[in-house]
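Participant: Chains as they are written, first to last, in the numbering used here: chain A, 2 to 215; chain B, 32 to 252. This structure is in structure tokens; I'll ask about it shortly.
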């Protein structure tokens, strides 16, 4: 992994400096996944969201992103309007990565960077940081699961935003890239970013923990 | 603008690349124009009488073919989630996706429409109006079709559901466009039907994205 020396260390201005969950509850398909979930995450902090399969980790991440309605409770972004926070202040990387198999890695990285407000120069830097440069002209369908995940993660570096919502970000990565992406997460936190990550294995850094019980 | 330009370029290229895309629609359209004379006989007068109507109906049905995947693939692969995480309102995103659909499928079909009509025996004088009606009708079909595609997100047999939803809404443009063409061919005033077709297309462009965005949000949540 090349050192991402030239990448923006953090979002230019910390649009979001706090993520606040207050007694959040989510119901999906008529089933209450969780209730009474509270969290106060500040700038520079990471939180590992744990729990059994089906406990609602993904739904909580999607609720923070505004994609799932809360049954009860509140989600706040430290005084930032939720629409602004979701439109300009957070990234979501989930199992469904939104990458189109028939397009090249470069096309996808460029599109998502532009869509999320990234600068053109940051695209190359993001690709270098995740060692994607030799893969940029390959169609996404030709990438392995780990390479594809790195491409999905590179979108976050190509358009810096303060809050990263990650759904099992490390699972398809090999040991080298678990370590490598861990370093990038630390860098993001050092720059004042926030990370909420649904995981089954511990995050490779000091992180708070929030367990959801089904 | 940079975001919207990037999205429309992406939608257009994806539409050309995905199965059931514009080439299939064009193939279907060419097939109808080819098989119709084989089925009803090669008598020129008989064919000429129904040429514009047949071309118009074939265009309507061909427009259906590429609707199913307008939102479905983005919904399945998570791209729809990510499209929401932007300052661009979802309504505008839906509008741009439909414009991409129109550019990729509607415009090529509009180019093919006069050719098909003339091949079936219509007067070449009808070609400009056939093209204009197909362009406007294609716009209406893309935006009305987008509503059906968004409403059927996540449903089994989404393509069938899309067709069931949108076919009744395709009736007015079929009547207005077909009426304008028939009147022109008969030497009667045709501008009324054409104006109604334009008004219907404008209404579809204005209100369709609101319905699509609401349907997409509902499907995602």
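Where a beta carbon is used, it is the ideal one built from N, C-alpha and C, also for glycine.
Pop quiz: residue 83 of chain B and residue 153 of chain B are said to be a contact at Cβ under 8 Å. What is the actual Cβ separation, rounded to whole angstroms?
Facilitator: Numbered from its first residue, the second chain carries residue 83 of chain B at position 52. Numbered from its first residue, the second chain carries residue 153 of chain B at position 122. Going by Cβ atoms, the distance from residue 83 of chain B to residue 153 of chain B rounds to 5 Å, so yes, they are a contact pair.
Participant: Run through DSSP, which three-state label would residue 74 of chain A get?
Facilitator: To locate residue 74 of chain A, count along the first chain from 1; it is residue 73. It is a strand residue.
Participant: Select from the stretch 27 to 59 of chain A all residues with a C-beta closer than 7 Å to any C-beta belonging to chain B, and list them in chain order.
Facilitator: Correct list: empty, as no residue qualifies.
Participant: Using a beta-carbon distance cut-off of less than 7 Å, what residues from the stretch 135 to 148 of chain B approach chain A?
Facilitator: Cβ contacts with chain A come from no residue of the stretch 135 to 148 of chain B.
Participant: Whole angstroms are fine: how far does the CA of residue 132 of chain A sit from the CA of residue 7 of chain A?
Facilitator: Residue numbering aside, residue 7 of chain A sits at position 6 when the first chain is read from its first letter. Residue numbering aside, residue 132 of chain A sits at position 131 when the first chain is read from its first letter. Note on residue 7 of chain A: pLDDT 46, under 50, position unreliable in the model; the coordinate value appears next. Roughly 14 Å between the two C-alpha positions.
Participant: Look up residue 117 of chain B in the DSSP assignment and say whether it is helix, strand or coil.
Facilitator: The count along the second chain starts at 1 and reaches residue 117 of chain B at position 86. Correct three-state label for residue 117 of chain B: coil.
Participant: Quick one: does residue 116 of chain A have its CB under 7 Å from some CB of chain B?
Facilitator: What you label residue 116 of chain A is simply residue 115 of the first chain in a count that begins at 1. Yes, residue 116 of chain A lies at the interface with chain B (some Cβ there is under 7 Å from its Cβ).
Participant: For a minimum of 4 consecutive residues, which ranges assigned as the alpha helix (DSSP H) are wholly contained in the stretch 75 to 120 of chain B?
Facilitator: Runs of the alpha helix (DSSP H) inside the stretch 75 to 120 of chain B: 75 to 96, 100 to 108, 110 to 115.
Participant: Measure the alpha-carbon distance for residue 124 of chain A versus residue 149 of chain A and round it to whole angstroms.
Facilitator: The count along the first chain starts at 1 and reaches residue 124 of chain A at position 123. The count along the first chain starts at 1 and reaches residue 149 of chain A at position 148. Each residue's alpha carbon lies about 16 Å from the other.
Participant: From B/145, B/166, B/164, B/171, pick the residue whose C-alpha is nearest to that of residue 156 of chain B; which is it?
Facilitator: For the purposes of this step, residue 156 of chain B is identified with residue 125 of the second chain, where counting begins at 1. It is B/145 whose Cα lies nearest to the Cα of residue 156 of chain B.
Participant: Hey, residue 175 of chain B and residue 151 of chain B: beta-carbon distance below 7 Å or not?
Facilitator: In the second chain, counting from the first residue as 1, residue 175 of chain B sits at position 144. In the second chain, counting from the first residue as 1, residue 151 of chain B sits at position 120. Contact: no.
Participant: For residue 312 of chain B and residue 59 of chain B, I'd like the C-alpha separation in whole angstroms.
Facilitator: Any answer about residue 312 of chain B is impossible in this case: the structure gives chain B only from 32 up to 252.
Participant: Buried or exposed: residue 94 of chain B, going by 16 or more other Cβ atoms within 10 Å of its Cβ?
Facilitator: Counting from 1 along the second chain, the entry for residue 94 of chain B is found at position 63. Answer is buried; the Cβ neighbour count reaches 16.
Participant: Out of B/249, B/241, B/225, state which residue places its alpha-carbon closest to the alpha-carbon of residue 120 of chain B.
Facilitator: For the purposes of this step, residue 120 of chain B is identified with residue 89 of the second chain, where counting begins at 1. The candidate whose alpha carbon is nearest that of residue 120 of chain B is B/241.
Participant: From which residue to which residue does the alpha helix (DSSP H) around residue 51 of chain A run?
Facilitator: Along the first chain, one-based indexing puts residue 51 of chain A at 50. Where residue 51 of chain A is concerned, there is no enclosing alpha helix (DSSP H), although the beta strand (DSSP E) it sits in stretches over 47 to 52.
Participant: Could you check whether residue 180 of chain B and residue 98 of chain B sit closer than 7 Å to each other, using their CB atoms as the reference points?
Facilitator: Position 67 of the second chain, counting from 1, holds the residue named residue 98 of chain B. Position 149 of the second chain, counting from 1, holds the residue named residue 180 of chain B. Cβ distance < 7 Å, so residue 98 of chain B and residue 180 of chain B count as in contact.
Participant: Taking residue 200 of chain A and residue 50 of chain A to be in contact with their CB atoms under 8 Å, please state how far apart those CB atoms are, rounded to whole angstroms.
Facilitator: For this step, residue 200 of chain A is matched to residue 199 along the first chain. For this step, residue 50 of chain A is matched to residue 49 along the first chain. About 7 Å separates the two Cβ atoms, so the contact holds.
Participant: Counting only beta-carbon separations shorter than 7 Å, does residue 97 of chain B have a partner in chain A?
Facilitator: Locating residue 97 of chain B in the second chain gives position 66, counting from the first residue. No, no contact with chain A.
Participant: Which same chain residues, not among the five before or five after residue 24 of chain A, have their C-beta less than 8 Å away from its C-beta?
Facilitator: Translated into the one-based positions of the first chain, residue 24 of chain A becomes position 23. If we look at residue 24 of chain A and ignore the five residues flanking it on each side, its Cβ neighbours are 36, 37, 38, 39, 73, 74, 75.
Participant: For residue 105 of chain A, which residues does DSSP report across the bridge?
Facilitator: Against the first chain, residue 105 of chain A aligns to sequence position 104. Paired residues: A/140.
Participant: Could you check the C-alpha separation between residue 147 of chain B and residue 128 of chain A for me, to the nearest Å?
Facilitator: For the purposes of this step, residue 147 of chain B is taken as the residue at position 116 of the second chain. For the purposes of this step, residue 128 of chain A is taken as the residue at position 127 of the first chain. When rounded, the distance between both Cα atoms is 48 Å.
Participant: Please identify the residue among B/206, B/197, B/183 whose C-alpha is closest to the C-alpha of residue 228 of chain B.
Facilitator: Position 197 of the second chain, counted from the start, is the residue given in the question as residue 228 of chain B. If we check each option's Cα against that of residue 228 of chain B, B/206 comes out closest.
Participant: For residue 135 of chain A and residue 144 of chain A, what's the separation of their Cα atoms in angstroms?
Facilitator: Numbered from 1 along the first chain, position 134 holds the residue referred to as residue 135 of chain A. Numbered from 1 along the first chain, position 143 holds the residue referred to as residue 144 of chain A. In a straight line, the C-alpha of residue 135 of chain A is about 11 Å away from that of residue 144 of chain A.
Participant: Would you list, in chain order, the members of the stretch 230 to 252 of chain B that have their beta-carbon closer than 8 Å to a beta-carbon of chain A?
Facilitator: Within the stretch 230 to 252 of chain B, the residues whose Cβ lies closer than 8 Å to some Cβ of chain A are 251, 252, listed in chain order.
Participant: With DSSP run on the structure shown, which of helix, strand or coil describes residue 185 of chain B?
Facilitator: In the second chain, residue 185 of chain B corresponds to position 154, counting from 1. In the structure shown, residue 185 of chain B sits in coil (DSSP, three-state: anything other than H, G, I, E or B).
Participant: Could you tell me the alpha carbon to alpha carbon distance between residue 84 of chain A and residue 62 of chain B, rounded to whole angstroms?
Facilitator: The residue you call residue 84 of chain A lines up with position 83 of the first chain. The residue you call residue 62 of chain B lines up with position 31 of the second chain. Cα to Cα, the separation comes out at about 48 Å.
Participant: Mapping the DSSP letters down to three states, classify residue 181 of chain A as helix, strand or coil.
Facilitator: The residue given as residue 181 of chain A occupies position 180 in the first chain. Residue state, collapsed to three classes: helix.
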